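First to last, the protein sequences are chains A and B.
Each residue of the first sequence is one higher than the one before, starting from 1 at the first, in the working numbering.
Each residue of the second sequence is one higher than the one before, starting from 210 at the first, in the working numbering.
There are 2 protein chains.
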Amino acid sequence: MVTNFDKKNFIKNFKINCKKIQIKKFLKGETVTTYIEKRNQICIVLSGEVDLIRYDVNGNKTIIGHFVENDIFGEVFYPANTNNELFITSVKKSEILFFTYDTLFEKCEFECNFHKELMNNLSELFIDEIIDLNLRIELLTKRSIREKLLSYFEILSKRSMRKIFTIPYTYTDLADYFSVDRSSLMRELKMLIDEGFIKKEGNKITLLF
Amino acid sequence: MVTNFDKKNFIKNFKINCKKIQIKKFLKGETVTTYIEKRNQICIVLSGEVDLIRYDVNGNKTIIGHFVENDIFGEVFYPANTNNELFITSVKKSEILFFTYDTLFEKCEFECNFHKELMNNLSELFIDEIIDLNLRIELLTKRSIREKLLSYFEILSKRSMRKIFTIPYTYTDLADYFSVDRSSLMRELKMLIDEGFIKKEGNKITLLF
DNA sequence: ACAAATCTGTTGCATTTGCAACAGATTTTA
DNA sequence: TAAAATCTGTTGCAAATGCAACAGATTTGT
Chain A
1 MVTNFDKKNF
11 IKNFKINCKK
21 IQIKKFLKGE
31 TVTTYIEKRN
41 QICIVLSGEV
51 DLIRYDVNGN
61 KTIIGHFVEN
71 DIFGEVFYPA
81 NTNNELFITS
91 VKKSEILFFT
101 YDTLFEKCEF
111 ECNFHKELMN
121 NLSELFIDEI
131 IDLNLRIELL
141 TKRSIREKLL
151 SYFEILSKRS
161 MRKIFTIPYT
171 YTDLADYFSV
181 DRSSLMRELK
191 MLIDEGFIKK
201 EGNKITLLF
Chain B
210 MVTNFDKKNF
220 IKNFKINCKK
230 IQIKKFLKGE
240 TVTTYIEKRN
250 QICIVLSGEV
260 DLIRYDVNGN
270 KTIIGHFVEN
280 DIFGEVFYPA
290 NTNNELFITS
300 VKKSEILFFT
310 YDTLFEKCEF
320 ECNFHKELMN
330 NLSELFIDEI
340 IDLNLRIELL
350 TKRSIREKLL
360 SYFEILSKRS
370 MRKIFTIPYT
380 YTDLADYFSV
390 DRSSLMRELK
400 MLIDEGFIKK
410 EGNKITLLF
């Protein structure tokens, strides 16, 4: 977080009564939106979790993004001219706020404060998103699965200020996040254990160095 | 580009006479800034090109970002708690604009318009940066070098609306961008040629499908 | 509470990728 | 414009990763 502005409160302190902004609820497995049409949509996760999924021409499915409470996503952030179909699926019961980037800067007929607040704080949300993306690139560009794991563990360790911490994903999802084969990831984990670098109990990891 | 706002003009139409914003010039090879200290710095490339370079604990050097005219970068966008040393080097003669995210929202003593404009247009710059990062992740998460190349070529082809187009990097840099070994990339290129998918003349590529 | 679905852990084998090394081409710099 | 530096193109071999397949554990849904 860059400043001490609090994303949660800024969103939740406002009663949203303006037509430019919509809130919808989704159940697990439902499709929240697709990135096919060009409508400059921006979304914020108010509660729950959603995945950004890519189906390529061969039908391969990859989770290329994962958004949790207060994360921002939307087709505005995606390059045009991609071949893939991208869409957002709800991982669990979720509440999503929708608005259109362009209309956000138009004056609201109800003069609602949410509008103004959202505009003011949009930069902070963008910066947080950029930080997340850079972190992922940081890890994706590591040369081996081992390096990916160790870098990621060190980050989690520093964040929690402990040598022991919990991975916030399943191993299946972690493999997706790193974009590597799950069984290869498990194998590398095992080697790290055997070589005495880490200890593992479920998704609790202890660094031994 | 999301709206029809023009980044170049917005920056160049203003005479910058406020102390909160600095412009510095750099020669090839000079270090523009480091991402070690936490000072919420944001930079915009006015002219030239810079690389974001990572040195990891083993001393391996990786180019993890490349910024050209009108691109935005800075330590604000990087997760804290990384082990790596990140710094920005000038690839050629460059002109860089510096400001601090926090002070941008303070009132300027000269009441200069640039301030206001910069604030208003910051979101657009952020969105463009997010689009670039998502594109890179899109490619990095492709499962093989072949898929990375083909996806990238298709994007370049669609952008230029031609089957023939020029890669805006050297092959060495492209390998860095994909985070793969250069010789492996060359080998895969050759296979694509031999199998009749593409034609290649220097960094001009023709799609044959 | 039971069935269904998903996730974990493991392995052998095929394939891809990385590494090292080098010669020639091209570009940059003094 | 000559020398230095960087980039291209290539190869053989080693190492890492992906793929397929499966059994048991865990979680989820009804």
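Every residue gets a Cβ at the ideal spot worked out from N, C-alpha and C, and that includes glycine.
Remember, it's a predicted structure, so these values are computed and weren't measured experimentally.
- In the DSSP assignment, G274 (chain B) forms a beta bridge with B:L261.
- Put simply, the CB of S332 (chain B) is near chain A, with a gap under 8 Å to one of its CB atoms.
- With respect to N343 (chain B), Y78 (chain A) sits close: the two C-beta atoms are nearer than 8 Å.
- Flagged as an interface residue toward chain A: E338 (chain B), by a C-beta distance shorter than 8 Å.
- For E404 (chain B), no beta strand (DSSP E) segment is defined, and its DSSP state is neither H nor E.
- Here L27 (chain A) is exposed, its C-beta having fewer than 16 other C-beta atoms within 10 Å.
- Annotation: E258 (chain B) to Y101 (chain A) spans about 30 Å, alpha carbon to alpha carbon.
- Neighbourhood of I164 (chain A) in chain B, by CB distance below 8 Å: empty, with the nearest CB roughly 16 Å away.
- Inclusion of V285 (chain B) and V254 (chain B) in the CB contact set at 8 Å is not warranted, their separation being larger than that value.
- Given a length threshold of 3 residues, each whole run of the beta strand (DSSP E) inside the segment 350–399 of chain B is given here in chain order: 373–375.
- L104 (chain A): not part of any beta strand (DSSP E); member of the alpha helix (DSSP H) spanning 101–104, first to last residue.
- Between the segment 351–362 of chain B and the segment 397–415 of chain B there are three or more inter-stretch CB-CB distances shorter than 8 Å, so the stretches are counted as touching.
- For R345 (chain B), the nearest beta carbon of chain A is closer than 8 Å to its own beta carbon.
- When the Cα atoms are used, I72 (chain A) and I127 (chain A) turn out to be separated by approximately 10 Å.
- The beta-carbon of I64 (chain A) is placed less than 8 Å from the nearest beta-carbon of chain B.
- With respect to chain B, the C-beta atom of S184 (chain A) has no partner C-beta closer than 8 Å.
- Chain A places no beta carbon closer than 8 Å to that of T379 (chain B), leaving this residue out of the contacts.
- A straight-line Cα-Cα distance of about 12 Å links G29 (chain A) and I53 (chain A).
- Among the CB atoms of chain A, one or more fall inside 8 Å of the CB of L349 (chain B).
- Of A:F98, A:V32, A:K38, the smallest CA-CA separation from K20 (chain A) is found for A:F98.
- In this structure, DSSP gives I21 (chain A) a state outside helix and strand, which the three-state scheme calls coil.
- In the structure shown, L348 (chain B) adopts helical secondary structure according to DSSP, grouped into three states.
- In this structure, I205 (chain A) sits near I167 (chain A), with a CB-CB distance shorter than 8 Å.
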